[in-house]
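Residue numbers (the UniProt record's numbering), protein chains in the order written: chain A, 1 to 250; chain B, 1 to 250.
Glycine included, each C-beta is placed from N, C-alpha and C at the ideal position.
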DNA sequence: CAATAACTGTGTACGTCATACACTATAAGT
DNA sequence: ACTTATAGTGTATGACGTACACAGTTATTG
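The following block contains the structure:
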């Protein structure tokens, strides 16, 4: 039997309840909440152990009774910063997954610092797994097998993540500053300025025709919806294939 | 006109050539190469300014003549760690994009530390843009408009990224250790152990039926190919639609 | 009721890291 | 020969993560 990594165990409240000693003034939830507030306000860079401790009115070392180290804290943050998934109120699988993916992306836009954590962590907390569960549930009625469902969700997750990254990186998400590029328009200009049409024929042609000039629409639904439909069309095609002649996968 | 952020400028060799002073012993390429070697060997955590400097036989502060700060260095690394994209040797758009996406994922599997950087950075370096260019080029013959092409590539990139993350996170990629979970099987066990069937009906059912038990296949092509085809089917459907009745987008 | 054991939060200390600043050495232009 | 811009160095600083020993607190045990 595999042992639960300590933080994961605590995320699920599977830690033995202490029977002796002073009543704890903190708990994992409070610590995480404080850390998230800081991240929202100042970005991940502002989240230091002392900053979190200060906000809780506590010495930095106190936190180590609840998290093994800072990485642990980040993992827990990455889970509890995620709100519950949308409710499947009698929607078709397609409508639900569309809403699901958009909500997914919106979370990442609202908390860009999640981008720096999620890219590295498998979903193992209650929230992220609830999202996973709901998406799989939406596919429950379809003739896809488990692996296919799982991969479908993976693809959707990836799309949400990449879209959010793009929006955030080009600055259209609102925040700018930081390391340089601040806005899709400027991004386009920079590319146009630098691209050698010979080495980058297609891209530079696109840039001169002003693709990214008007691309504050990255945040708008139009572009996002397009890619989303792309994926869902693929799923739908597969489902139709499976429905017509029912045979095993592969 | 937008100014080039200094690092980006240097990535493209657009820096004024120095006319006086001692001959430089370093250049951005050498620094980046050293940093990448360290990242490959010890992970991103091993990449400190002093570590890189030591490897180059130079004082840490010397690096700051070439990069403004450490984040700059990471940005440059994220670009130059990427090899040239596969060659479109008379392939159909579909075959090429399939190869392209798989190659994309393989890079991320070979250098997992890229996952921690790419999630945050827009592609602005020569390598990443070359990849973008080739993918767009592959779609050149299709009736999709520029925005649609761009979004298609975004979706594919996202899929590669998420797949790689999943493989790497569940440990099937080879490396383990670090923060806990080490291997898809163990991951599955942990989930099975922790999931309340009432709160996670679908997911826990899948787990008990052993979905992740046999999922060392995540690295295998089977699962990856499935999701990829999902996407490409979507693209193909769109192309067919566009080809039949040719009207503007939206 | 006293003694013990388990637990919480603190204070201090250390090693690492990114980076600012002042300096020396070097080579090109005058 | 002299000036001047540049390259790499040495030293210093402040922030950060975290190890460790301790003091205070509470439930359990005798």
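What residue from B:235, B:44 and B:106 has the CA that sits closest to residue 142 of chain B's CA?
Locating residue 142 of chain B in the second chain gives position 142, where the first residue counts as 1. The shortest C-alpha separation from residue 142 of chain B is found at B:235.
Can you tell me where the alpha helix (DSSP H) with residue 201 of chain A in it begins and where it stops?
Here residue 201 of chain A refers to the residue found at position 201 when the first chain is read from its first residue. That run of the alpha helix (DSSP H) goes 201-208.
Residue 134 of chain B versus B:117, B:162, B:163 and B:91, residue with shortest Cα-Cα distance:
Taking the first residue of the second chain as position 1, residue 134 of chain B is located at position 134. Checked all of B:117, B:162, B:163 and B:91; the closest Cα to residue 134 of chain B is B:91.
Could you spell out the range, first to last residue, of the alpha helix (DSSP H) harbouring residue 222 of chain A?
The count along the first chain starts at 1 and reaches residue 222 of chain A at position 222. From DSSP, the alpha helix (DSSP H) with residue 222 of chain A extends over 221-244.
Give the straight-line distance between the Cα atoms of residue 229 of chain A and residue 43 of chain A, rounded to the nearest whole angstrom.
Here residue 229 of chain A refers to the residue found at position 229 of the first chain. Here residue 43 of chain A refers to the residue found at position 43 of the first chain. About 32 Å.
Answer with yes or no whether the minimum CB distance from residue 103 of chain A to chain B is below 9 Å.
Locating residue 103 of chain A in the first chain gives position 103, counting from the first residue. It does not; no Cβ of chain B falls within 9 Å.
Tell me whether residue 207 of chain B is buried or exposed, calling it buried when 16 or more other Cβ atoms sit within 10 Å of its Cβ.
Your numbering for residue 207 of chain B matches position 207 in the second chain. Buried, because 16 or more other Cβ atoms sit within 10 Å of the Cβ of residue 207 of chain B.
In whole angstroms, what separates the C-alpha of residue 117 of chain B from that of residue 22 of chain A?
Counted from its first residue, the second chain places residue 117 of chain B at position 117. Counted from its first residue, the first chain places residue 22 of chain A at position 22. Approximately 42 Å between the Cα atoms of the pair.
Contact defined as beta carbons within less than 8 Å: I believe residue 168 of chain B pairs with residue 115 of chain B. What is the distance between those atoms, to the nearest angstrom?
Walking along the second chain from the start, residue 168 of chain B turns up at place 168. Walking along the second chain from the start, residue 115 of chain B turns up at place 115. Yes, they are in contact, since the Cβ atoms of residue 168 of chain B and residue 115 of chain B sit about 6 Å apart, within 8 Å.
Mind checking residue 176 of chain A: buried by the 16 CB within 10 Å criterion, or exposed?
Locating residue 176 of chain A in the first chain gives position 176, where the first residue counts as 1. Its pLDDT being 41, under 50, residue 176 of chain A is placed unreliably in this model, and the value from its coordinates should be taken loosely. Counting Cβ neighbours within 10 Å, residue 176 of chain A comes out exposed, since fewer than 16 surround it.
Below 6 Å CB to CB, which residues in the same chain sit around residue 72 of chain A once its five sequence neighbours on both sides are set aside?
Numbered from 1 along the first chain, position 72 holds the residue referred to as residue 72 of chain A. For residue 72 of chain A, where only same-chain residues beyond five positions count, the Cβ hits under 6 Å are 7.
When the Cα atoms are used, what is the spatial distance from residue 53 of chain B to residue 77 of chain B?
By one-based count along the second chain, residue 53 of chain B stands at place 53. By one-based count along the second chain, residue 77 of chain B stands at place 77. Cα-Cα distance, rounded: 15 Å.
When the distance is taken between beta carbons, is residue 138 of chain B closer than 9 Å to residue 97 of chain B?
The residue given as residue 97 of chain B occupies position 97 in the second chain. The residue given as residue 138 of chain B occupies position 138 in the second chain. Yes; because the gap between Cβ atoms is below 9 Å, this pair is in contact.
Among A:32, A:131 and A:205, whose alpha-carbon lies nearest the alpha-carbon of residue 204 of chain B?
The residue labelled residue 204 of chain B in the question sits at position 204 within the second chain. The shortest Cα separation from residue 204 of chain B among A:32, A:131 and A:205 belongs to A:131.
Could you give the C-beta distance for residue 232 of chain B and residue 94 of chain B, rounded to a whole number, given that I count them as a contact under 8 Å?
Walking along the second chain from the start, residue 232 of chain B turns up at place 232. Walking along the second chain from the start, residue 94 of chain B turns up at place 94. Confirmed, Cβ separation roughly 5 Å.
Is it a yes or a no for the segment 158-166 of chain B touching the segment 75-89 of chain A, going by three-plus beta-carbon pairs under 8 Å?
no
Pick helix, strand or coil for residue 198 of chain B, following the three-state DSSP scheme.
Counting from one through the second chain, the residue named residue 198 of chain B turns up at place 198. DSSP places residue 198 of chain B in coil when its eight states are reduced to three.
Grouping DSSP H, G and I as helix and E and B as strand, with all else coil, what is residue 155 of chain A?
Reading the first chain from its first residue, position 155 is the one you call residue 155 of chain A. In the structure shown, residue 155 of chain A sits in a helix (DSSP, three-state: H, G or I).
With 16 as the cutoff for other CB atoms within 10 Å, does residue 20 of chain A come out buried or exposed?
Position 20 of the first chain, counted from the start, is the residue given in the question as residue 20 of chain A. Flag for residue 20 of chain A reads exposed.
Residue 202 of chain A versus residue 147 of chain B: straight-line alpha-carbon distance, rounded
Residue numbering aside, residue 202 of chain A sits at position 202 when the first chain is read from its first letter. Residue numbering aside, residue 147 of chain B sits at position 147 when the second chain is read from its first letter. Residue 202 of chain A and residue 147 of chain B: Cα-Cα distance of roughly 13 Å.
From the beta carbon of residue 100 of chain A, is the nearest beta carbon of chain B less than 9 Å away?
In the first chain, the residue the question calls residue 100 of chain A occupies position 100. Residue 100 of chain A does not count as touching chain B.
Is the CB of residue 159 of chain A under 9 Å away from at least one CB in chain B?
Here residue 159 of chain A refers to the residue found at position 159 of the first chain. Chain B, which has a Cβ nearer than 9 Å to the Cβ of residue 159 of chain A, makes this yes.
In whole angstroms, what separates the C-alpha of residue 83 of chain B from that of residue 197 of chain A?
As a first step, residue 83 of chain B is located in the second chain; it is residue number 83 there, counting from the start. As a first step, residue 197 of chain A is located in the first chain; it is residue number 197 there, counting from the start. If I take the Cα positions, the gap works out to 20 Å.
Cα separation between residue 156 of chain A and residue 16 of chain B?
Residue numbering aside, residue 156 of chain A sits at position 156 when the first chain is read from its first letter. Residue numbering aside, residue 16 of chain B sits at position 16 when the second chain is read from its first letter. Rounded to the nearest angstrom, the two C-alpha atoms are 44 Å apart.
Which residues in chain A sit within 7 Å of residue 12 of chain B, going by Cβ to Cβ distance?
By 1-based counting over the second chain, the position of residue 12 of chain B is 12. What residue 12 of chain B touches in chain A: 194.
Could you check where the alpha helix (DSSP H) with residue 85 of chain B kicks off and where it finishes?
Here residue 85 of chain B is taken as the residue at index 85 of the second chain, counted from 1. It is not in any alpha helix (DSSP H) - residue 85 of chain B carries neither H nor E in the DSSP assignment.
Considering only C-alpha positions, which residue in the set B:47, B:30 and B:164 is nearest to residue 104 of chain B?
Mapped onto the second chain, residue 104 of chain B falls at position 104. It is B:164 whose Cα lies nearest to the Cα of residue 104 of chain B.
Amino acids of chain A, ordered along the chain, whose beta-carbon sits closer than 9 Å to that of residue 111 of chain B:
The count along the second chain starts at 1 and reaches residue 111 of chain B at position 111. The premise fails here: residue 111 of chain B is roughly 13 Å from chain A at the closest Cβ pair, so nothing lies under 9 Å.
Taking all protein chains shown into account, do 16 or more other C-beta atoms lie within 10 angstroms of the C-beta of residue 244 of chain B, making it buried, or fewer, making it exposed?
Position 244 of the second chain holds residue 244 of chain B. Residue 244 of chain B should be labelled exposed.
Alpha carbons only, please: which of A:150, A:192 and A:31 is nearest the one belonging to residue 65 of chain A?
What you label residue 65 of chain A is simply residue 65 of the first chain in a count that begins at 1. The option with the nearest alpha carbon to residue 65 of chain A is A:31.
What do you get for residue 227 of chain B, buried or exposed, if any count of 16 or more other CB atoms within 10 angstroms of its CB means buried?
Taking the second chain and counting its residues from 1, the one referred to as residue 227 of chain B is at position 227. With 16 or more Cβ atoms within 10 Å of its Cβ, residue 227 of chain B is classed as buried.
Beta-carbon proximity check, residue 150 of chain B vs residue 223 of chain A, cutoff 9 Å:
Translated into positions along the second chain, residue 150 of chain B becomes position 150. Translated into positions along the first chain, residue 223 of chain A becomes position 223. Result yes, Cβ atoms of residue 150 of chain B and residue 223 of chain A sit closer than 9 Å.
Would a check of beta-carbon distances place residue 82 of chain A closer than 9 Å to chain B?
Translated into positions along the first chain, residue 82 of chain A becomes position 82. By this cut-off, residue 82 of chain A is not an interface position.
Boundaries of the alpha helix (DSSP H) in which residue 54 of chain B is found, first to last residue:
Position 54 of the second chain, counting from 1, holds the residue named residue 54 of chain B. Where residue 54 of chain B is concerned, the enclosing alpha helix (DSSP H) stretches over 49-56.
Should residue 140 of chain B go down as buried or exposed, given a rule of 16 or more other Cβ atoms within 10 Å for buried?
Within the second chain, numbered from 1, the residue matching residue 140 of chain B stands at position 140. Residue 140 of chain B should be labelled exposed.
For residue 152 of chain B, which residues in chain A fall below 8 Å Cβ to Cβ?
Here residue 152 of chain B is taken as the residue at index 152 of the second chain, counted from 1. Those within 8 Å of residue 152 of chain B in chain A are 227 and 230.
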